[in-house]
Amino acid sequence: MAGIVLGDINTNDLRYTAEKACETTEFWKEKFMGTNIDELTPNSLLSATDKVFITPHDLYNTDKLWPTYIKNVEIFHGVMRTSGTTGDPKRVPFTHDDKKRYRRQARSWALEYLEGSIMASFTAPLPSSSGVFAIEGFSDANIRYHQIPIQYLRMRDALIKELRGIKATGIFGLTAAVYNLSLTLPEDIRNDIQLIIMGGETLTKELAKVVLDNFPNAVIFDVFASTEDGLTGYRLITKKKVTPFTFSDSLIVLKQTKDEEYKEYHEIYITKVMKEGELTGLPLFNYKIGDLAKVVDGKIVNVIREKDTISLAGAKLHIDQVMDIVHRYPSLIDFVIIYHPLSPENPKPKATIRVGYMGEKPAGVEDEIRELIYEANNPVRYEVEEAKSSELKIEAVPAKEVRKNLPQKPGKTKRIFIVGKDI
Numbered sequence: 000m001a002g003i004v005l006g007d008i009n010t011n012d013l014r015y016t017a018e019k020a021c022e023t024t025e026f027w028k029e030k031f032m033g034t035n036i037d038e039l040t041p042n043s044l045l046s047a048t049d050k051v052f053i054t055p056h057d058l059y060n061t062d063k064l065w066p067t068y069i070k071n072v073e074i075f076h077g078v079m080r081t082s083g084t085t086g087d088p089k090r091v092p093f094t095h096d097d098k099k100r101y102r103r104q105a106r107s108w109a110l111e112y113l114e115g116s117i118m119a120s121f122t123a124p125l126p127s128s129s130g131v132f133a134i135e136g137f138s139d140a141n142i143r144y145h146q147i148p149i150q151y152l153r154m155r156d157a158l159i160k161e162l163r164g165i166k167a168t169g170i171f172g173l174t175a176a177v178y179n180l181s182l183t184l185p186e187d188i189r190n191d192i193q194l195i196i197m198g199g200e201t202l203t204k205e206l207a208k209v210v211l212d213n214f215p216n217a218v219i220f221d222v223f224a225s226t227e228d229g230l231t232g233y234r235l236i237t238k239k240k241v242t243p244f245t246f247s248d249s250l251i252v253l254k255q256t257k258d259e260e261y262k263e264y265h266e267i268y269i270t271k272v273m274k275e276g277e278l279t280g281l282p283l284f285n286y287k288i289g290d291l292a293k294v295v296d297g298k299i300v301n302v303i304r305e306k307d308t309i310s311l312a313g314a315k316l317h318i319d320q321v322m323d324i325v326h327r328y329p330s331l332i333d334f335v336i337i338y339h340p341l342s343p344e345n346p347k348p349k350a351t352i353r354v355g356y357m358g359e360k361p362a363g364v365e366d367e368i369r370e371l372i373y374e375a376n377n378p379v380r381y382e383v384e385e386a387k388s389s390e391l392k393i394e395a396v397p398a399k400e401v402r403k404n405l406p407q408k409p410g411k412t413k414r415i416f417i418v419g420k421d422i
């Protein structure tokens with residue numbers, strides 16, 4: 000299958016990273032069996048995506064994947080907890096050297112664009128590196144960084160008072176939060192904003208246009224980030240131009256998808272590269288993160304975040320997570336998700352999970368499914384119950400009625416059906 004390699008990395012650093020991974024983990028020692036590490040190149044990883052790769056589900060196998068210096072607590076490290084696609088949390092270790100990587104990943108644009116900014120951060124207080132540790136990437140620039148209480152997003156008067164008090168010139172937040180701020184903040188505050196850093200969800204041209212129209216003096220940095228790799232890449236969006244994504248300290252392999260509905264997109268594989276002498280928490284080679292890249296002239300112009308999920312403000316609800324929960328009930332045989340996405344006409348995304356039962360309706364099944372989703376996916380619980388930024392409805396019906404009167408527009412999978420325009 001044809002492929003593309005992107006990313007500004009040093010081949011010697013790549014070989015050091017692979018050598019250290021093979022020395023300290025069973026997982027990568029097995030994956031690289033038969034590979035000459037001394038001859039490893041970016042193109043080697045491109046041609047080996049069927050053998051040398053890792054998926055999100057593999058992250059649960061910490062005994063084989065975590066390096067010995069992490070498992071044996073030989074160096075200082077923290078562990079981030081993220082909601083998993085099967086209902087179990089993924090635990091991702093990070094070290095001081097990971098924090099150095101965050102700084103390198105953002106340094107090229109932080110120094111040029113953030114210098115002198117007064118940043119208002121709306122990242123949710125959830126265990127994700129893209130929020131909690133993004134500040135590491137910004138720390139090379141002389142900025143003032145304010146953490147805004149996340150509940151202020153639904154307390155308009157308190158939010159306006161806070162932003163006027165700190166005289167914010169920049170905003171950092173999840174895509175949905177920034178979009179809603181662009182529609183609700185007073186004109187004087189919007190006119191003061193010169194820089195917007197956003198990410199976590201797919202940013203389309205239509206959504207970016209709305210944000211820039213409402214923040215007339217701002218530019219957007221759309222950041223492609225993950226707990227596993229950090230601040231992988233970014234692109235700059237202004238009213239006049241959109242740059243392709245740029246990557247630093249990560250190697251990106253792109254493989255054209257076989258999915259006919261996504262034939263213009265490529266699957267993304269991420270390799271996390273260390274500098275010689277470093278020890279980061281989680282080795283990753285050809286990490287098949289699940290996102291898709293739209294490629295034009297060999298460059299990534301947009302990223303579709305996880306085609307098997309829907310976005311509820313800052314949270315992601317995975318199809319296979321719902322599937323795992325629904326199939327715990329023998330009498331439930333089918334389900335669909337009716338999704339009302341964020342749009343100019345619908346500022347609050349909504350999802351209805353319609354489950355179909357055989358025989359008698361299981362007593363209390365709607366509440367049980369909701370609680371299981373919340374238990375498995377804390378960000379969804381937070382956005383629906385605390386931030387009130389989204390709505391989630393569970394609806395149990397006879398199996399023959401599950402697919403009645405569905406919206407005509409199928410979504411990203413045959414289980415998602417979209418109401419209205421998905422921007």
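Take 0 as the starting number for the sequence shown in numbering that gives the first Met the number 0 and just add one per residue. Here a beta-carbon is modelled for each residue, glycine too, at the ideal position from N, C-alpha and C. Quick caveat: nothing in here was measured; it's all calculated off a predicted structure.
Simplified DSSP assignment, three categories, for residue i
i, result
"Lys239", "coil"
"Val300", "strand"
"Asn345", "strand"
"Glu277", "coil"
"Gly229", "strand"
"Ala157", "helix"
"Gly313", "coil"
"Gly169", "strand"
"Gln193", "coil"
"Thr256", "coil"
"Phe137", "helix"
"Glu114", "coil"
"His56", "helix"
"Ile415", "strand"
"Lys403", "coil"
"Ala292", "strand"
"Val396", "strand"
"His339", "strand"
"Ala119", "strand"
"His95", "helix"
"Ile142", "coil"
"Val209", "helix"
"Ala175", "helix"
"Ser107", "helix"
"Gly164", "helix"
"Thr61", "helix"
"Lys70", "helix"
"Glu79", "Per the sequence presented here, residue 79 reads as Met, with Glu not at that position. In this structure, Met79 counts as strand in the three-state DSSP scheme."
"Ser127", "Legend: pLDDT at Ser127 = 46, less than 50; position of this residue unreliable, value from coordinates given subsequently. Residue state, collapsed to three classes: coil."
"Ile149", "helix"
"Glu186", "helix"
"Asp323", "helix"
"Tyr268", "strand"
"Tyr328", "coil"
"Leu180", "helix"
Same chain, Cβ closer than 7 Å to residue i, neighbours up to 5 away in sequence not counted
i, result
"Val396", "Arg353, Gly355"
"Asp12", "Val272, Met273, Lys274, Glu275"
"Pro346", "Asn179, Leu182"
"Pro126", "Reliability fails at Pro126, whose pLDDT of 42 lies under 50, so the model's placement of it is uncertain and no value is given."
"Lys423", "Given a span of 0 to 422 for the chain in the structure shown, any question on residue 423 remains unanswerable."
Distance between beta carbons of residue j and residue i, contact taken as under 8 Å
i, j, result
"Leu152", "Ala386", "6 Å"
"Leu211", "Val222", "Not really, about 16 Å apart at Cβ, beyond 8 Å."
"Ile337", "Val418", "6 Å"
"Gly425", "Leu291", "This structure gives no information on residue 425, because the portion of the chain shown stretches from 0 to 422."
"Phe31", "Lys287", "Not confirmed; about 17 Å, so no contact."
"Arg90", "Thr61", "7 Å"
"Asn213", "Gln193", "Wrong, their Cβ atoms sit about 14 Å apart, outside the cutoff."
"Phe26", "Lys63", "4 Å"
"Ile448", "Glu365", "Here the chain has residues from 0 to 422 only, and residue 448 is not among them."
"Leu235", "Thr226", "Not really, about 24 Å apart at Cβ, beyond 8 Å."
"Leu162", "Ile188", "5 Å"
Cutoff 6 Å; reference residue i; Cβ partners in own chain excluding five residues on either side
i, result
"Glu344", "none"
"Pro66", "Thr23, Thr24"
"Tyr15", "Glu275"
"Lys293", "Tyr264, Val300, Asn301"
"Asn100", "A small fix is needed here, since residue 100 is Arg in this sequence, not Asn. Within the same chain, Arg100 has close Cβ partners Gly229, Asp248."
Sequence-distant residues of the same chain with beta carbon closer than 8 Å to residue i, five excluded per side
i, result
"Ile324", "Gly86, Ile368, Leu371, Ile372, Ala375"
"Leu278", "Lys19, Pro66, Tyr68, Ile74, Thr94, Asp96"
"Gly426", "Nothing can be reported for residue 426: it is not among the residues displayed for the chain, which extend from 0 to 422."
"Arg155", "Thr183"
"Leu405", "Val335, Ile337, Phe416"
- Message: Pairs of beta-carbons, one from the region 21–30 and one from the region 242–261, closer than 8 Å: are there three or more?
- Response: no
- Message: Please give the ranges of any alpha helix (DSSP H) in the region 363–390, keeping only runs that are unbroken, at least 4 residues long and fully inside the region.
- Response: 364–375, 377–380
- Which ranges would you report for the alpha helix (DSSP H) in the region 4–52 if only whole runs of at least 4 residues count? 10–23, 25–30, 41–45
- Task: Decide yes or no for the touch test of the region 115–122 against the region 280–299: beta carbon pairs closer than 8 Å, at least 3 of them.
- Result: no
- Item | Stretch-stretch touch, CB-based, cutoff 8 Å, three pairs: the region 138–148 with the region 92–110 | yes
- Indicate whether the contact test is met: 3 or more Cβ pairs, each with one atom in the region 167–176 and one in the region 89–102, closer than 8 Å. no
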